[in-house]
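With my numbering as the guide, the letters of the sequence shown map in order to residues 18 to 402. Glycine is no exception: its CB is placed at the ideal position from the N, C-alpha and C atoms.
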Amino acid sequence: VEEAIRRGVDVVVLAGDVVEREDDFFEAYRNLHQGVARLVEAGISVFGVVGNHDVKVLPRLAAQIPAFRLLGEHGDWEHASVDEGNEHLTLWGRSFTADRMREAPLQGEAFQRQPGINLGILHCDLDQRDSPYAPVMRSALEAAGLDGWLLGHIHLPSALTAPYPLGYLGSMTGLDPGEPGARGPWLISIEGGRIMHVSQWELAPLRWERLVVDITGIAELNIARESLLEAVVKLDERLADGDWPPQAVGLRIRFTGRSRFGAAAVEIFSEDDRAHLHTGLRNTHYFLERVDSATRPEIALDELATRGDPPALLAARLLLLDRGEADLERSKLIADARRILESRLRDARWSGLGRSLSDEDVEMYLRRSATAAFEHLLAQQGEWA
Numbered sequence: 018v019e020e021a022i023r024r025g026v027d028v029v030v031l032a033g034d035v036v037e038r039e040d041d042f043f044e045a046y047r048n049l050h051q052g053v054a055r056l057v058e059a060g061i062s063v064f065g066v067v068g069n070h071d072v073k074v075l076p077r078l079a080a081q082i083p084a085f086r087l088l089g090e091h092g093d094w095e096h097a098s099v100d101e102g103n104e105h106l107t108l109w110g111r112s113f114t115a116d117r118m119r120e121a122p123l124q125g126e127a128f129q130r131q132p133g134i135n136l137g138i139l140h141c142d143l144d145q146r147d148s149p150y151a152p153v154m155r156s157a158l159e160a161a162g163l164d165g166w167l168l169g170h171i172h173l174p175s176a177l178t179a180p181y182p183l184g185y186l187g188s189m190t191g192l193d194p195g196e197p198g199a200r201g202p203w204l205i206s207i208e209g210g211r212i213m214h215v216s217q218w219e220l221a222p223l224r225w226e227r228l229v230v231d232i233t234g235i236a237e238l239n240i241a242r243e244s245l246l247e248a249v250v251k252l253d254e255r256l257a258d259g260d261w262p263p264q265a266v267g268l269r270i271r272f273t274g275r276s277r278f279g280a281a282a283v284e285i286f287s288e289d290d291r292a293h294l295h296t297g298l299r300n301t302h303y304f305l306e307r308v309d310s311a312t313r314p315e316i317a318l319d320e321l322a323t324r325g326d327p328p329a330l331l332a333a334r335l336l337l338l339d340r341g342e343a344d345l346e347r348s349k350l351i352a353d354a355r356r357i358l359e360s361r362l363r364d365a366r367w368s369g370l371g372r373s374l375s376d377e378d379v380e381m382y383l384r385r386s387a388t389a390a391f392e393h394l395l396a397q398q399g400e401w402a
């Protein structure tokens, strides 16, 4: 809101799911109301469509702030036009009327273009035919004859570009540590009846990032920590150059390379390290969300796998994880491990696993446990110092 007013933008568009849950009404509504009211008072036109999470909140807001215009509030396509100088913009939108919308939103719809730029605003599930959240195919959007589509629903933003932006705006801040990168609103500039520029304002106070740290050949365990800090400093230098450095960055770290310290490197970080690893040039707070190891032994796995001892059995399974996702043996290993892990999710001792496990999560736990056992077995046999 502050940046939109400071830069004098003409229109602000909300693509739905502005709140996470309807029961966030008391927590979220006051800030939402104040923000939209300030935009309107500054002479900025505010439009929106309702998503599956805010079918009660946004209509209530529109009723209290008449200048905030919901498009397609009753489930039908609706358009609104804005003229600024010689530029003309028409927004086409359709809203959710319930928390599910199984019909394809473009079915049978023919848009009658208006002068200037015509943009579609839609809350939907792109290229998911059986989704209960307004399934729509990209080909249908491209064939609709508009100058772009700004979509809501998926938290991870698309790479929107001029002159034809089509994709998800993304959430205003990072919500999932597994989805790293920039978050924030998008600025679209229209000049001479064309979309000239599309850029993201990276305003999110919280950012998630993944760092891969190669510890091949390190001679001492503490060098793993130093290598990680060097990678964090480089990341901070890049983020500090931006207009809006984040207040906090959560890091998901993966150690890679050939090393005898793979599993041990995961354990060297204290609780204080995890909560506060580094303070950046512009006071950005860096903390560890997750640390795991995908290192390989300094001894070649393919050679070890030909032996007949316990390390050889582990080496063979680690080699399976290196195969492509289409490999049947690898898929079976992941599936078997998921069944075992998910059977323990209800046990408080395993609560750190979360509610559900992706293939990436399962692979991480397999690598971590196998690597730790592998290093221990080799040390017992005197093959590592």
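**Study point:** Residue range of the unbroken beta strand (DSSP E) whose run includes Gly267
**Key:** Gly267 -> beta strand (DSSP E) spans Ala265 to Thr273.
For Gly162 and Glu226, I'd like the C-alpha separation in whole angstroms.
Take the alpha-carbon of Gly162 and the one of Glu226: they are about 37 Å apart.
Residue from Asp253, Pro262 and Ala257 with nearest C-alpha to Leu223
Comparing Cα-Cα distances from Leu223 to each of Asp253, Pro262 and Ala257, the minimum goes to Pro262.
For this session: Identify which residue in Ile240, Ile82, Asp376 and Ile207 has its Cα closest to the Cα of Glu101.
Result: The option with the nearest alpha carbon to Glu101 is Ile207.
**Message:** As a quick exercise: from Leu338, Glu346 and Ala343, pick the residue whose alpha carbon is nearest that of Asp378.
**Reply:** For Asp378, the nearest C-alpha among the options comes from Leu338.
Legend entry - For Thr301, the nearest candidate out of Ala281, Glu254 and Ser310 (CA to CA): Comparing Cα-Cα distances from Thr301 to each of Ala281, Glu254 and Ser310, the minimum goes to Glu254.
*Roughly how many angstroms separate the alpha carbons of Leu318 and Ile357, rounded to a whole number?*
Going by the C-alpha atoms only, they are around 25 Å apart.
Nearest-angstrom Cβ-Cβ length linking Glu58 and Pro76, presumed shorter than 8 Å = Actually they do not touch by this definition, with Cβ atoms about 21 Å apart.
Can the beta-carbon of Thr233 be found closer than 8 Å to that of Arg277? Taking 8 Å as the cut-off, the beta carbon of Thr233 is found no closer than this to the beta carbon of Arg277.
Is the beta carbon of Pro194 sitting closer than 8 Å to the one on Arg307?
-> The answer is yes: Cβ separation under 8 Å.
| query | Smallest Cα separation from Ser188: which of Arg117, Arg200, Ala257 and Leu305? | reply | Per the Cα distances, Arg200.
Endpoints, the beta strand (DSSP E) within which His393 is located:
Run containing His393: none in the beta strand (DSSP E); it sits in the alpha helix (DSSP H), Asp376 to Gln397.
Starting from the Cα of Ala236, find the closest Cα among Ala343, Glu315 and Gly33 and give me that residue. Ranked by Cα distance from Ala236, the first of Ala343, Glu315 and Gly33 is Glu315.
_Below 8 Å on the Cβ atoms is my contact criterion, and I expect Ala329 with Ala322 to pass it. Report the Cβ-Cβ distance as a whole number of Å._
Taking 8 Å as the upper bound for CB-CB distance, Ala329 and Ala322 are in contact here, some 5 Å apart.
For Gly165, which option in Arg355, Pro152, His214 and Ala151 has the closest C-alpha, if you only look at C-alpha atoms?
-> Nearest of Arg355, Pro152, His214 and Ala151 to Gly165, Cα basis: His214.
message: I'd like the list of long-range same chain contacts for Leu331, defined as Cβ closer than 8 Å, with 5 residues on each side in sequence excluded.
response: Annotation for Leu331: Ala387, Ala390, Phe391 and Leu394 place their beta carbon closer than 8 Å to its own, counting only its chain and skipping 5 residues before and after.
Best match in Gly137, Ser148 and Gly279 for proximity to Ala97 [C-alpha to C-alpha] = For the residues Gly137, Ser148 and Gly279, the minimum Cα distance to Ala97 belongs to Gly137.
Could you give the distance in angstroms between the alpha-carbon of Leu336 and the alpha-carbon of His50?
The alpha-carbon atoms of Leu336 and His50 are separated by roughly 55 Å.
Of the residues Pro132, Met154, Leu177 and Arg130, the one placed nearest Cys141, counting alpha carbons only: Checking every option, the nearest Cα to that of Cys141 belongs to Met154.
- Message: Here's the rule I'm using: 16 or more other beta-carbon atoms within 10 Å means buried, otherwise exposed. How should Ala402 be labelled?
- Response: Summary for Ala402: the model assigns pLDDT 41, below 50, so the residue's position carries little reliability, and this model does not support an answer.
- Query: Among all the DSSP beta bridges, which residues are the ones paired with Ala97?
  - Reply: Paired residue(s): Leu108.
*asked:* Mapping the DSSP letters down to three states, classify Gln81 as helix, strand or coil.
replied: If DSSP states are grouped into helix, strand and coil, Gln81 belongs with the helices.
Exercise for review: In angstroms with no decimal places, state the Cα-to-Cα distance between His172 and Leu192.
Suggested key: Computed Cα separation, rounded: 7 Å.
**Asked** So does the segment 146-153 actually touch the segment 112-123, counting three or more Cβ pairs closer than 8 Å?
**Response** Because the criterion of three Cβ pairs below 8 Å is met, the segment 146-153 and the segment 112-123 touch.
*DSSP on Pro76, reduced to helix/strand/coil?*
In the structure shown, Pro76 adopts helical secondary structure according to DSSP, grouped into three states.
Excluding the 5 residues flanking Ile205 on each side, which residues of the same chain have their C-beta closer than 7 Å to its C-beta?
Cβ-Cβ distances below 7 Å link Ile205 to Pro182, Ile212 and Val215 in the same chain, with the five nearest sequence neighbours on each side left out; the list follows chain order.
_Tell me which residue opens and which closes the alpha helix (DSSP H) that Asn239 is part of._
Its alpha helix (DSSP H) spans residues Asn239 to Ala257.
Out of Phe286, Ala281 and Pro149, state which residue places its alpha-carbon closest to the alpha-carbon of Arg384. By alpha-carbon distance to Arg384, the top candidate from Phe286, Ala281 and Pro149 is Ala281.
Which residues mark the beginning and the end of the beta strand (DSSP E) in which Leu362 is found?
Here Leu362 belongs to no beta strand (DSSP E), and DSSP marks it neither H nor E.
Taking Glu288 as the reference, which of Leu298, Arg299 and Phe304 has the closest Cα?
It is Phe304 whose Cα lies nearest to the Cα of Glu288.
**OP:** Please classify Glu380: is it buried, with 16 or more other beta-carbons within 10 angstroms of its beta-carbon, or exposed?
**Re:** When all chains shown are included, Glu380 counts as buried.
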